[in-house]
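> First to last, the protein sequences are chains A and B.
Sequential numbering from 1 applies to the first sequence in the working numbering.
Sequential numbering from 1001 applies to the second sequence in the working numbering.
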Amino acid sequence: EAQVTQNPRYLITVTGKKLTVTCSQNMNHEYMSWYRQDPGLGLRQIYYSMNVEVTDKGDVPEGYKVSRKEKRNFPLILESPSPNQTSLYFCASSSPTQVGSYEQYFGPGTRLTVT
Amino acid sequence: AQSVAQPEDQVNVAEGNPLTVKCTYSVSGNPYLFWYVQYPNRGLQFLLKYITGDNLVKGSYGFEAEFNKSQTSFHLKKPSALVSDSALYFCAVRGAGSYQLTFGKGTKLSVIP
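1. Could you tell me whether any Cβ in chain B is nearer than 8 Å to the Cβ of A/Glu-103?
2. Counting only beta-carbon atoms, is B/Gln-1010 nearer than 8 Å to chain A?
3. When we look at the beta-carbon of B/Pro-1040 and count the other beta-carbons within 10 Å, is it buried (16 or more) or exposed?
4. Evaluate contact between the stretch 1061 to 1074 of chain B and the stretch 66 to 75 of chain A, counting only Cβ atoms and requiring at least three cross-stretch pairs below 8 Å.
5. Taking a Cβ distance cut-off of 7 Å, strictly less, list which residues of the stretch 13 to 46 of chain A are near chain B, in chain order.
6. Please compile the residues from chain A whose C-beta is within a distance smaller than 7 Å of the C-beta of B/Gly-1043.
7. Assign B/Pro-1040 to one of three DSSP states: helix, strand, or coil.
8. Would you please verify whether the beta carbon of B/Gly-1104 is less than 8 Å from any beta carbon of chain A?
9. Please classify B/Ser-1060 as buried or exposed, where buried requires at least 16 neighbouring CB atoms within 10 angstroms.
10. Output yes if chain A places a C-beta closer than 8 Å to the C-beta of B/Tyr-1061; else output no.
In structure tokens, the structure reads:
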């Protein structure tokens, strides 16, 4: 089954404790992206990656890091989490140059709480 | 820069009535437009897209959307609403020269029995 998976689904942590949220897709998509969803703000892009070893900042990259060492994986790293990073996080992937495609496929989300 | 506006935070409609969720966009060049739906405690599900061609596009669950280039709009519609359509709906745009998807803030649709 074609899918985007994220782990963990729920995470409660404390300020300053480094954490990683994993994202993996099995569709051989070139493009992967991380979003955060906050009430009244919709989805805002954190980072995206056009392909292996190619990453770039989205609209709200502060406090986050990413890496793309393999095509299928795109982990989101919070080196020193703070309470304002409490949010619902989504990973997504797509094949933006594939004719007839273009839509992004989303993971199930990771709800992060930083106390 | 590309942007999306969903002017209504919430739309209420009676079951069986037609529904419309509004979306306007701003982008350089030709747009690629998308609608996604989010049910409670779930991820986003793709509903439909406009890439090129016919201005009226049909998608999942009986939804359709009309692309209007002159009004830069891409409103989501359904002829007869179901209670199960109650969810959060997001419009998104991507410029033809960009791979980034920009989302609106979302519209909560409530279908009243």
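Beta carbons are placed, not taken as given, at the ideal position from N, Cα and C, and that holds for glycine.
The answer reads as follows:
1. yes
2. no
3. exposed
4. no
5. Tyr-31, Gly-40, Leu-41, Gly-42, Leu-43, Gln-45
6. Phe-90, Phe-106, Gly-107, Pro-108, Gly-109
7. coil
8. yes
9. exposed
10. no
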